[in-house]
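Colleague: What follows is a single structure, and I will ask about it in a moment.
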Amino acid sequence: MSVGASFLDQVNRAFDRAARFTPHDPTLLANIKACKSLFYTSFPIKRDDGRIEVMHAWRAEHSHHKLPCKGGIRYADNVDDHEVQALAALMTYKCALVDVPFGGAKGGIRLNPKQYSSGELERITRRYVFELVRKNFMGPGLDVPAPDVGTGPREMAWIADTYTQLRPGELDALGCVTAKPVSAGGIRGRVEATGRGVFYGVREACGVKEDMKALGLSPGIEGKRVVVQGMGNVGYFAAKFFQEGGAVLVGLAESEGAIANPKGLDLERVVAHRREKRGLLDCPGATNLPSREAALELECDILIPAALERQITAENAPRVKAKLVVEAANGPTTPEADEILAARGVTVIPDAYINAGGVTVSYFEWVKNLGHVRFGRMQRRFEQGAYGRLLEAVEGVTGRRFSAAEIERVTHGASEEDLVNSGLEETMVGAYHPIREVWKRQGDSMDLRTAAMIVAIDKVALSYEQLGIFP
Ligand code: NAD
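Just so we're aligned, residue 205 is where the sequence shown starts under my numbering, counting upward by one.
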């Protein structure tokens with residue numbers, strides 16, 4: 205079985221396990237579970253040296269119960285039809301959990317981006333967009349991509365530009381893709397959003413005293429020993445926010461290896477070292493581990509896999525020492541590993557909830573693109589003025605003069621980034637407790653993944669029931 209096929213099986217098994225706890229009709233459940241549309245294309249591109257190469261690319265739209273569909277585009281050499289379907293299904297459940305009104309989708313091109321020049325990647329990206337548009341698999345009201353492994357704001361800008369070229373005069377065209385650079389219609393705070401959302405979600409989970417006590421941990425993030433696997437977009441920002449929140453980074457892993465220091469690693473020093481030496485190993489103040497996988501087995505409180513699927517397996521799960529496994533990546537824990545971790549009393553905070561910060565802020569970006577105005581632009585100065593007048597009134601009544609610093613703190617009007625981060629925090633905090641309630645209602649017989657899936661299935665089922673069947 206390919207990695208993608210095993211991954212799809214993994215997502216569907218989680219669905220089936222949760223479906224048994226729901227009251228829904230089996231045909232409705234089967235309809236929710238099935239992928240609605242799957243697009244495959246192959247196309248030639250010209251390499252810089254004149255050779256022609258045939259590319260293989262996919263887009264899966266798992267659910268149309270809410271439109272547009274939403275999901276990243278992955279550039280990796282094991283992308284296949286199963287993998288995009290697995291990731292698209294996860295997107296449906298993720299959007300439902302955080303009340304983002306989209307169906308799930310995912311796309312990918314089978315290539316290792318390190319083996320292509322920037323010009324080649326641009327030609328591949330633009331041709332892929334052309335194929336998606338031709339088949340109605342892209343558009344602000346149809347299907348809106350975002351980054352995933354191997355893609356980032358640069359690719360999103362190429363995607364936006366290609367789409368707007370193909371659709372001249374389409375007023376909402378910029379809403380065709382999210383996580384664009386801010387200057388190309390993006391939103392402040394999107395780059396950090398997934399990692400920041402991971403932090404908010406874990407902080408909320410760690411704030412529940414009785415759950416922490418059951419794990420033998422104190423409440424809060426302060427002093428927690430954390431290991432992060434993957435220092436890409438999600439892993440880097442997750443590590444950064446945990447370090448800023450008072451956690452101690454005791455281990456970091458990348459594709460070239462892993463390093464550790466039980467007293468703590470300085471993230472920015474590690475990043476600077478990696479940039480300079482083109483690798484993580486031999487970093488001052490850290491010990492090299494025998495393999496990159498060894499980081500997953502380090503002594504720590506919180507393990508954050510933030511790289512790829514199927515990293516914690518039946519083979520290494522018995523040696524995982526963390527009390528909390530936080531799935532910043534999609535699908536990093538296999539079903540067999542899930543069972544082993546549960547039996548060992550390890551809590552897994554599932555991907556569908558914990559890495560939903562990215563799609564949440566992508567939703568804000570899409571709303572901004574449709575509104576054609578930056579969040580905060582209309583009210584920021586008005587708020588500053590109102591708070592200023594309030595302070596003057598208090599000064600008048602009390603006779604006390606506020607310092608410049610106090611005035612600045614109170615009269616700060618919300619910027620776009622303030623509003624985005626606040627909306628993200630509200631979303632992650634608000635989404636955790638309904639999942640936890642289902643989890644606790646079932647006693648020890650259920651894990652958080654199953655609880656999250658039940659909440660997601662209930663929401664999607666309600667949509668389908670209300671919409672009815674066409675024709
Ligand atoms: P990325 O390409 O920016 O980073 C992935 C990193 O993992 C790379 O630096 C890569 O070198 C490293 N890596 C690969 N194999 C590894 C291994 N075996 N051990 C250690 N490191 C390894 O990708 P990303 O956007 O950060 O995505 C990471 C995960 O998070 C994926 O599962 C993705 O689906 C998921 N995710 C991403 C977002 C997002 O907004 N980007 C949102 C939700 C979920």
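Quick reminder that beta carbons are idealized off the backbone N, C-alpha and C, glycines included.
1) Give the DSSP bridge partners of Gln433, in chain order.
2) Within a Cβ cutoff of 8 angstroms, which residues of the same chain sit near Glu392, ignoring the five residues on either side of it in sequence?
3) For Glu472, does the count of other Cβ atoms within 10 angstroms reach 16, so buried, or fall short, so exposed?
4) Should Val438 be counted as a contact of the ligand NAD given a C-beta to heavy atom distance under 7 angstroms?
5) Using the DSSP secondary-structure output, state which residues sit across from Tyr244 in a beta bridge.
6) Pick out whichever of Pro230, Trp262, Ala656, Gly401 has its Cα sitting closest to the Cα of Ile508.
7) Under a three-way DSSP split, which group does Val386 fall into?
8) Ordered along the chain, which non-local residues of its own chain (more than five positions away) have a Cβ less than 7 angstroms from that of Ala223?
9) Indicate whether Glu543 and Thr537 have their beta-carbon atoms separated by less than 8 angstroms.
10) What residue ranges within the stretch 264–334 form continuous alpha helix (DSSP H) runs of no fewer than 4 residues, ordered along the chain?
11) Cα separation between Lys318 and Arg514?
12) What distance in whole Å lies between the Cβ atoms of Glu599 and Arg605, which are believed to be in contact at a cut-off of 8 angstroms?
13) Suppose contacts are defined by Cβ-Cβ distances below 8 angstroms. Is Val474 in contact with Ala451 by that definition?
14) Count the other CB atoms, across all protein chains shown, that sit within 10 Å of the CB of Gln670; report buried if there are 16 or more and exposed otherwise.
15) Under 8 angstroms by Cβ, that's how I've got Lys270 and Ser667 pegged, so tell me the actual separation to the nearest angstrom.
16) Out of curiosity, what's the CA-to-CA distance linking Lys250 and Thr631?
17) Taking 8 angstroms as the threshold (C-beta atoms), are Thr296 and Gly312 in contact?
18) Which one of Val454, Ala526, Pro522 has the shortest CA to CA distance from Asn492?
19) Assign Gly343 to one of two classes, buried (16 or more other C-beta atoms within 10 Å of its C-beta) or exposed (fewer than that).
20) Might you give, ordered along the chain, the residues of its own chain that have their beta carbon closer than 8 angstroms to the beta carbon of Ala556, omitting 5 neighbours on each side?
21) Hey, Pro272 and Leu370 are a contact pair by Cβ (cut 8 angstroms); roughly how many whole angstroms apart?
22) CA-CA distance, Trp262 and Phe243?
23) Run through the DSSP bridge pairs and tell me what Asn492 is partnered with.
24) Taking the CB atoms as reference points, tell me whether His266 and Cys239 lie closer together than 8 angstroms.
25) When the distance is taken between beta carbons, is Ala364 closer than 8 angstroms to Cys380?
26) For Lys481, is the classification buried or exposed, using 16 other Cβ atoms within 10 angstroms of its Cβ as the cut-off for buried?
27) Using the three-state DSSP reduction, which class does Ala350 fall into: helix, strand or coil?
28) Closest by CA to Val258, which one among Val207, Arg314, Gly589?
29) Which class does Gly250 belong to by DSSP, given the choice of helix, strand or coil?
30) Going by DSSP, what residue range makes up the alpha helix (DSSP H) through Thr398?
31) In terms of residues, what are the limits of the alpha helix (DSSP H) holding Thr226?
32) Hey, out of Val571, Ile558, Trp643, Thr615, whose CA is closest to Arg584's CA?
33) Can you say whether Ser607 is buried or exposed, counting buried as having 16 or more other CB atoms within 10 angstroms of its CB?
34) Would Ala290 and Gly535 be called neighbours here (beta carbons separated by less than 8 angstroms)?
35) For Glu324 and Arg358, I'd like the C-alpha separation in whole angstroms.
36) Taking just the CA atoms, how far does Glu374 sit from Thr366?
Modeller: Quick look at the numbers:
1) As a working note, residue 433 is residue 229 in the sequence shown. Partner(s): Ala457, Pro509.
2) Within the sequence shown, residue 392 is the residue found at index 188, counting from 1. Reading off the sequence shown, one finds Arg at residue 392, where the question assumed Glu. Taken in chain order, the residues that qualify are Val386, Ser619, Glu620, Glu621, Val624.
3) Your numbering for residue 472 matches position 268 in the sequence shown. Glu472 should be labelled exposed.
4) Indexing the sequence shown from 1 puts residue 438 at position 234. Val438 Cβ: within cutoff of the ligand NAD.
5) Looking up residue 244 in the sequence shown gives position 40. Note: Tyr244 sits in a beta bridge opposite Trp262.
6) Position 304 of the sequence shown holds residue 508. Among Pro230, Trp262, Ala656, Gly401, the Cα nearest to that of Ile508 belongs to Gly401.
7) Counting from 1 along the sequence shown, the entry for residue 386 is found at position 182. Looking at Val386 - three-state DSSP - the assignment turns out to be helix.
8) In the sequence shown, counting from the first residue as 1, residue 223 sits at position 19. If we look at Ala223 and ignore the five residues flanking it on each side, its Cβ neighbours are Leu233, Ile661.
9) Against the sequence shown, residue 543 aligns to sequence position 339. Against the sequence shown, residue 537 aligns to sequence position 333. No; because the gap between Cβ atoms is not below 8 angstroms, this pair is not in contact.
10) 285–301
11) As a first step, residue 318 must be located in the sequence shown, where it is residue number 114. As a first step, residue 514 must be located in the sequence shown, where it is residue number 310. In a straight line, the C-alpha of Lys318 is about 22 angstroms away from that of Arg514.
12) Residue 605 sits at position 401 when you count from the first residue of the sequence shown. Residue 599 sits at position 395 when you count from the first residue of the sequence shown. About 6 angstroms separates the two Cβ atoms, so the contact holds.
13) By 1-based counting over the sequence shown, the position of residue 474 is 270. By 1-based counting over the sequence shown, the position of residue 451 is 247. No, these two residues do not count as a Cβ contact at 8 angstroms.
14) Numbered from 1 along the sequence shown, position 466 holds the residue referred to as residue 670. Looking at its Cβ environment, which holds fewer than 16 other Cβ atoms inside 10 Å, Gln670 is exposed.
15) As a position in the sequence shown, residue 270 is number 66, starting the count at 1. As a position in the sequence shown, residue 667 is number 463, starting the count at 1. About 7 angstroms; that satisfies the 8 angstroms criterion.
16) Counting from one through the sequence shown, the residue named residue 250 turns up at place 46. Counting from one through the sequence shown, the residue named residue 631 turns up at place 427. Cα-Cα distance, rounded: 44 angstroms.
17) Reading the sequence shown from its first residue, position 108 is the one you call residue 312. Reading the sequence shown from its first residue, position 92 is the one you call residue 296. No, the Cβ-Cβ distance between Gly312 and Thr296 is not below 8 angstroms.
18) As a first step, residue 492 must be located in the sequence shown, where it is residue number 288. The candidate whose alpha carbon is nearest that of Asn492 is Val454.
19) As a working mapping, residue 343 is identified with position 139 in the sequence shown. Flag for Gly343 reads buried.
20) On the sequence shown, position 352 is the one that residue 556 refers to. Excluding positions up to five away in sequence, the list reads Leu294, Tyr297, Lys298, Leu301, Arg653, Ala656, Met657, Ala660.
21) As a working mapping, residue 272 is identified with position 68 in the sequence shown. As a working mapping, residue 370 is identified with position 166 in the sequence shown. No, Pro272 and Leu370 are not in contact; Cβ-Cβ is about 17 angstroms, not under 8 angstroms.
22) Position 58 of the sequence shown holds residue 262. Position 39 of the sequence shown holds residue 243. The alpha-carbon atoms of Trp262 and Phe243 are separated by roughly 5 angstroms.
23) Counting from one through the sequence shown, the residue named residue 492 turns up at place 288. Answer is Ile463.
24) Position 62 of the sequence shown holds residue 266. Position 35 of the sequence shown holds residue 239. Contact flag set, yes.
25) On the sequence shown, residue 380 is found 176 positions in, with the first residue counted as 1. On the sequence shown, residue 364 is found 160 positions in, with the first residue counted as 1. Cβ atoms of Cys380 and Ala364: closer than 8 angstroms.
26) The residue you call residue 481 lines up with position 277 of the sequence shown. Result: exposed.
27) On the sequence shown, position 146 is the one that residue 350 refers to. Correct three-state label for Ala350: strand.
28) As a position in the sequence shown, residue 258 is number 54, starting the count at 1. Out of Val207, Arg314, Gly589, Arg314 has the C-alpha closest to the C-alpha of Val258.
29) Locating residue 250 in the sequence shown gives position 46, where the first residue counts as 1. It should be noted that the sequence gives Lys, not Gly, for residue 250. Lys250: strand per DSSP, three-state reduction.
30) Locating residue 398 in the sequence shown gives position 194, counting from the first residue. Run containing Thr398: 394–410, per the alpha helix (DSSP H) assignment.
31) The residue you call residue 226 lines up with position 22 of the sequence shown. Thr226 -> no alpha helix (DSSP H), and no H or E assigned at all.
32) Along the sequence shown, read from residue 1 onward, the residue named residue 584 stands at position 380. Measuring from the Cα of Arg584, the nearest candidate turns out to be Thr615.
33) Here the question's residue 607 lines up with position 403 in the sequence shown. Classification for Ser607: exposed.
34) Position 86 of the sequence shown holds residue 290. Position 331 of the sequence shown holds residue 535. Cβ distance < 8 angstroms, so Ala290 and Gly535 count as in contact.
35) On the sequence shown, residue 324 is found 120 positions in, with the first residue counted as 1. On the sequence shown, residue 358 is found 154 positions in, with the first residue counted as 1. Roughly 13 angstroms between the two C-alpha positions.
36) Locating residue 366 in the sequence shown gives position 162, where the first residue counts as 1. Locating residue 374 in the sequence shown gives position 170, where the first residue counts as 1. Going from the Cα of Thr366 to the Cα of Glu374 covers about 13 angstroms.
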